[in-house]
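Notes follow the structure.
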Amino acid sequence: MISFILPVKNEPYLNQLLWEIENIVTQPHEVLVQTEKGLGYAVKCGLERSKGEVIVVMDSDGSHPIQVVPQMITLLDFNDIVVGSRYVKGGKTQDTFTRKLISRIYCEFAKELFGLSIKDNMSGFIVAKKYVLEKYPISVSGFKWGLELLIKSQREFIATEYPIIFEQRKLGKSKANYKEAFHTLWFMLKLRLQL
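Numbering-wise, my numbering puts 93 at position 78 of the sequence shown, and it's gapless, one number per residue.
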């Protein structure tokens with residue numbers, strides 16, 4: 016069974032995404048809409064409620080393409096974590112130039128800082144075997160939860176990337192800003208000190 020965990024905060028695209036999941040995903044699945052404050056906490060609460068052995072966490076604004084989830088799940092035959100990636104062959108992003116630049120710099124910085132092989136380590140679009148998330152729980156305050164998972168699990172579990180087209184959000188206003196960029200940097204440095 017597949018458990019979709021959708022962290023949501025005032026997301027106008029949610030109903031369309033729920034419709035897409037029901038019409039595209041043919042395997043048995045459940046959808047957990049998590050409205051808790053804080054991304055890491057929402058994912059943690061969703062994981063505790065989940066019944067599936069495969070966990071899918073994705074944005075609810077339409078930027079992560081649901082169409083590729085079946086292919087990402089297939090890759091779990093040989094991997095423990097699959098990241099939807101903008102930065103491998105076949106992947107791309109429709110973000111503004113500034114957001115593309117900041118994202119790329121931060122991903123490269125994290126890659127060097129933590130010795131990661133995953134290029135798009137802050138994608139936030141992750142398909143994983145449930146036992147990986149249970150063995151390496153993310154911090155409640157971790158809003159870059161995918162990065163934290165990759166860092167903590169990299170010595171034991173195998174992660175790979177699957178190319179996606181990261182679209183601009185379909186509805187509503189983006190929450191990304193310079194404050195978030197600062198918080199991301201601080202979060203990475205704090206993780207590095209903890210390790």
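Backbone N, C-alpha and C fix where the C-beta goes; we use that ideal spot for every residue, glycine too.
Boundaries (first-last residue) of the alpha helix (DSSP H) holding Val147: Lys145 to Lys150
Under three-state DSSP, which class holds Pro85? helix
For Ile180, which of helix, strand or coil comes out of DSSP? strand
Is the stretch 112 to 131 in contact with the stretch 141 to 154, if contact means three or more CB pairs nearer than 8 angstroms? no
DSSP on Thr108, reduced to helix/strand/coil? strand
Taking the alpha helix (DSSP H) that Glu37 falls in, what are its first and last residues? Leu29 to Ile39
What number of angstroms, rounded off, separates the C-alpha of Ser168 from the C-alpha of Ile96? 9 angstroms
Determine the burial state of Trp160: buried for a count of at least 16 other Cβ atoms within 10 Å of its Cβ, exposed for fewer. buried
Nearest-angstrom Cα distance between Asn136 and Phe181? 14 angstroms
Can you confirm whether the stretch 35 to 52 touches the stretch 16 to 24 when touching is taken to mean that 3 or more C-beta pairs between the two stretches lie within less than 8 angstroms? yes
Tell me whether the stretch 110 to 125 and the stretch 67 to 74 touch, counting them as touching only if at least three CB pairs, one residue from each stretch, are closer than 8 angstroms. no
Bounding residues of the alpha helix (DSSP H) (the contiguous stretch that carries Val103): It is not in any alpha helix (DSSP H) - Val103 carries neither H nor E in the DSSP assignment.
Is the beta carbon of Leu204 sitting closer than 8 angstroms to the one on Glu163? no
Whole-angstrom C-beta distance between Gln86 and Tyr177, which should lie under 8 angstroms: 6 angstroms
Element boundaries [beta strand (DSSP E), containing Ile153]: Careful: Ile153 lies outside any beta strand (DSSP E) and carries neither H nor E.
With 16 as the cutoff for other CB atoms within 10 Å, does Ile39 come out buried or exposed? exposed
DSSP puts His79 in a beta bridge; with which residues? DSSP output for His79 lists no bridge partner at all.
In its own chain, which residues sit with a C-beta less than 6 angstroms from the C-beta of Met73, not counting the 5 before and 5 after it? His79 and Phe140
Run through DSSP, which three-state label would Leu21 get? strand
CB-CB under 6 angstroms to Leu62, same chain, minus the five flanking residues each way: which ones, in chain order? Leu148
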